[in-house]
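Colleague:
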Amino acid sequence: MRITPRAYETKKVVDILEDPTFDSPEQMAKALIKEIGDMIQMRDLVVLVHTWESGHKGLNIGPFGAVAEAESFAKKMSFGGTAKVVPITSSGVLLANHDGKTSWPGYCWNPDCGHAPFNHAMDGSSRGKCHRVDCSCERFVKDDPSAKTKKKPAAKKGAAKGVNEL
Ligand SMILES: [Zn+2]
Ligand SMILES: [Zn+2]
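The number in the working numbering is simply the position in the sequence shown, starting from 1, with 9 added.
(1) Based on the DSSP output, what are the partners of Phe73 in its beta bridges?
(2) Starting from the C-beta of Pro114, find all residues in its chain whose C-beta is less than 6 Å away, skip the five residues before and the five after it, and write them out in chain order.
(3) In whole angstroms, what separates the C-alpha of Gly123 from that of Asp152?
(4) Given the structure, does Gly115 come close to ligand 1, in the sense that its CB is under 7 Å from one of the ligand's heavy atoms?
(5) With a cut-off of 8 Å, do at least 3 Cβ pairs link the region 85-99 to the region 54-72?
(6) Any heavy atom of ligand 1 closer than 7 Å to the CB of Asn128?
(7) Is the beta carbon of Arg11 sitting closer than 8 Å to the one on Ala83?
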């Protein structure tokens, strides 16, 4: 499966690689495999649904990371019959919508919450209190708070611009 790594996925993997608390490389490897499995489950993937020339159902093959990948697979294998690329809905996203998912873009970054935006009441133009039972979150946290501290280059740019305008 060909997938393009996303910045937050890369960050999560780096966090594991830099975590000094693992007792052995095997433990770290297990953590990585679990994390990456979780990431793949969060993606909307595609499958190939195949029908033989006779009209009989073929196999459902996949998942693939993208339509182009599924198409090039079909071309290479040339089974005959017809194949349709069908998007499959991410079970991880559905689960995250149901249960919440901490430290994941799109979900509340409050470590005690992690619930979807639509679980939070509207408060003016932003989202406020989470109304899930047993959740104490008072305000939807849209962005990763740990990412904010790393936005220094942007601040520098702004400052430099200010100087130039003088
Ligand atoms: Zn919540
Ligand atoms: Zn929240």
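Glycine included, C-beta positions come from ideal geometry on N, C-alpha and C.
Predicted, not measured: the structure shown is a model, and the values here were computed from it.
Modeller: On the basis of the data shown:
(1) Val55
(2) Tyr17
(3) 12 Å
(4) no
(5) yes
(6) yes
(7) no
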